[in-house]
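In this note's numbering, the protein residues as written are 5 to 413.
A virtual CB, placed ideally from N, CA and C, is assigned to each residue, including glycine.
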């Protein structure tokens, strides 16, 4: 058998896999096959197998099927962003208190007008409660007591429907009640207790007086319940809870005092007056002095003396004490405030040679820690400022309730 020349042309037989072509390629040269004329019939069949494999490797084009139809795009590892420093944060325009109050009143008026328009368009409304049925409000003396009249109708208790009769020695309270009802715009407003807070407080005092006149024990159930509730504040009194001693980095005021120093000085002034003129002979200690977690109880006998003093107050005084305690979270400050302004037998305001313990003094004394923190970190609008004014409003209503011209000393 002769040797195959590498440069020899080979012709593949025509068929379904080989269409009868002549190749000259390096792959076929490496097979070292003999030319077709020199191959015997037996060798032809043997040679066709590698030739078929070779033709498939050489002649068939390679098809690539992509797995997606989107255009190939290189990743952008450095996106284009704005250059330069970030913009300044928005600054709220400064406005004084009067502008803020005027803005809120305008918003409230707009909301009220929108509500009235919606009710009118939907056919809703207060019916007979939509408009106030009185034009003038006046105060008259009837049978030795003061009464508030809505035109010719006397003001009545919202629950018992009894006529509200105010002692003749409290003309300021009667005038304040008349003003409160004169500011109402509809009879429906009279059913909202937050719009008539002074009326609610006065009716509370009248309820206590009615309970006192009910046949029964020496101390009515209402008084006993009030005394029990108020004594709970003695164990967590805001005047008697002091901050821990100041550290090296704690804030101090212009006088060089820490929060604890201010709390201690304020509490000592109030407690000293009470233990001298109101509850003589007892000692009131701080319930939290900064060194403990749980409040400490007062010495034995202190709670009994304070409870006896509370139950001995008249109806207007105990109602005022309850309101002042709930407003300032302090029974000590409330007791000091009531004895300063009351006209009853427990009045001790004339014994104070210095400045009177008024609404502002009581509000500041019961809000020392809040004022200290807001002075350092700022106020939350519609939260701290609203609570600040609400405490003063409630203490002012207590002063009107207990004060009068018939001072008993």
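**OP:** Return the Cβ separation of residue 362 and residue 342 in integer angstroms, given the expectation that the two are a contact with Cβ distance under 8 Å.
**Re:** About 12 Å separates the beta carbons of residue 362 and residue 342, which is beyond the 8 Å limit, so they are not a contact pair.
Original post:
When DSSP labels each residue in this structure, what does residue 93 get in the three-state scheme?
Top reply: Residue 93: coil per DSSP, three-state reduction.
Original post:
In this structure, does DSSP put residue 311 in helix, strand or coil?
Top reply: Here DSSP, grouped into helix, strand and coil, assigns residue 311 to helix.
Subject >> Reduced DSSP secondary structure (H/G/I, E/B, other) of residue 142 >> reply: Of the three classes helix, strand and coil, the one that applies to residue 142 here is strand, per DSSP.
Original post:
Over what stretch of residues does the beta strand (DSSP E) that includes residue 137 continue unbroken?
Top reply: Residue 137 -> no beta strand (DSSP E), and no H or E assigned at all.
Original post:
What does residue 154 pair with, by DSSP beta-bridge criteria?
Top reply: Residue pairing for residue 154: DSSP places it in a beta bridge opposite 141, 157.
**OP:** Under 6 Å Cβ to Cβ from residue 240, same chain only, skipping five residues before and after it: list those, please.
**Re:** Answer for residue 240: 299, listed in chain order.
Original post:
Quick one, which of 384, 399, 390 has its alpha-carbon nearest residue 364's?
Top reply: Looking only at 384, 399, 390, the smallest Cα-Cα distance to residue 364 is reached by 399.
**OP:** Could you check the C-alpha separation between residue 229 and residue 107 for me, to the nearest Å?
**Re:** Near 43 Å, if we compare the C-alpha coordinates of residue 107 and residue 229.
**OP:** Below 8 Å CB to CB, which residues in the same chain sit around residue 179 once its five sequence neighbours on both sides are set aside?
**Re:** Contacts found: 143.
**OP:** Go ahead and label residue 118 buried or exposed: buried means 16 or more other beta carbons lie within 10 angstroms of its beta carbon, across all protein chains shown.
**Re:** Answer is exposed; the Cβ neighbour count stays below 16.
Original post:
What three-state label does DSSP hand residue 357 in the structure shown?
Top reply: Coil, per DSSP.
Original post:
Does DSSP classify residue 292 as helix, strand or coil?
Top reply: Here residue 292 carries a strand assignment [DSSP, helix/strand/coil].
Original post:
In its own chain, which residues sit with a C-beta less than 8 Å from the C-beta of residue 247, not counting the 5 before and 5 after it?
Top reply: Result list for residue 247: 262, 263, 264, 267, 294, 373, in chain order.
Subject >> Contacts around residue 380, its chain only, beta-carbon distance under 6 Å, and the 5 residues preceding and following it disregarded >> reply: Residues 255 of the same chain have their beta carbon placed closer than 6 Å to that of residue 380, with the five preceding and five following residues left out of the count.
Subject >> Which of helix, strand or coil DSSP assigns to residue 29 >> reply: Because the pLDDT at residue 29 is just 49, under 50, the model does not fix this residue reliably, and the value given afterwards should be weighed accordingly. Assignment of residue 29 by DSSP, reduced to helix, strand and coil, places it in the coil class.
**OP:** Could you tell me the boundaries of the alpha helix (DSSP H) in which residue 388 lies?
**Re:** Element bounds for residue 388: 388-406.
Original post:
By a C-beta neighbour count over all protein chains shown, 10 Å radius and 16 as the cutoff for buried, is residue 227 buried or exposed?
Top reply: Around the C-beta of residue 227, 16 or more other C-beta atoms lie within 10 Å, and the residue is accordingly described as buried.
Original post:
Quick one: Cα of residue 216 to Cα of residue 207, how far?
Top reply: Looking at the backbone, the Cα of residue 216 and that of residue 207 are separated by about 14 Å.
**OP:** Can you give me the start and stop residues for the alpha helix (DSSP H) that residue 381 sits inside?
**Re:** It spans 372-381 - the alpha helix (DSSP H) in which residue 381 sits, taken as one unbroken run.
**OP:** Can you have a look at residue 183 and say buried or exposed, based on whether 16 or more other CB atoms are within 10 angstroms of its CB?
**Re:** Per the 10 Å Cβ criterion, exposed.
Original post:
Using CA coordinates, which residue listed in 192, 358, 259, 231 is at the minimum distance from residue 274?
Top reply: For residue 274, the nearest C-alpha among the options comes from 358.
**OP:** Please name the residue, chosen from 312, 186, 280, 269, that lies closest to residue 235 on a Cα-to-Cα basis.
**Re:** Ranked by how close their Cα comes to the Cα of residue 235, the residues 312, 186, 280, 269 have 312 in first place.
Subject >> Per DSSP, the bridge partner or partners of residue 271 >> reply: Residue 271 is not bridged to any residue.
Original post:
Does DSSP put residue 149 in a helix, a strand or coil?
Top reply: The three-state secondary structure of residue 149, taken from DSSP, is strand.
Original post:
Sorted by chain position, which residues of the same chain lie with C-beta nearer than 8 Å to residue 80's C-beta, five sequence neighbours on each side aside?
Top reply: So the list is empty, once near-sequence residues are dropped.
Original post:
Can you give the beta carbon distance from residue 401 to residue 201, rounded, assuming they're within the 8 Å contact cut?
Top reply: At roughly 6 Å, the Cβ-Cβ gap stays under 8 Å, so residue 401 and residue 201 are in contact.
Original post:
To which residues of the same chain is residue 283 closer than 7 Å at the C-beta, ignoring the five residues directly before and after it?
Top reply: Excluding residues within five positions, the ones whose Cβ falls inside 7 Å are 309, 310, 313.
**OP:** Can you tell me the Cβ-Cβ gap for residue 272 and residue 406, rounded? I've got them flagged as a contact below 8 Å.
**Re:** Here residue 272 is actually not in contact with residue 406; their C-beta atoms are around 25 Å apart, not less than 8 Å.
Original post:
Distance, Cα to Cα, residue 35 vs residue 73?
Top reply: Note that residue 35 scores 49 on pLDDT, short of 50, meaning its location in the model is unreliable and no value can be drawn from it.
Subject >> Rounded straight-line distance, which links the Cα of residue 136 to that of residue 189 >> reply: Their backbone Cα atoms lie some 6 Å apart in a straight line.
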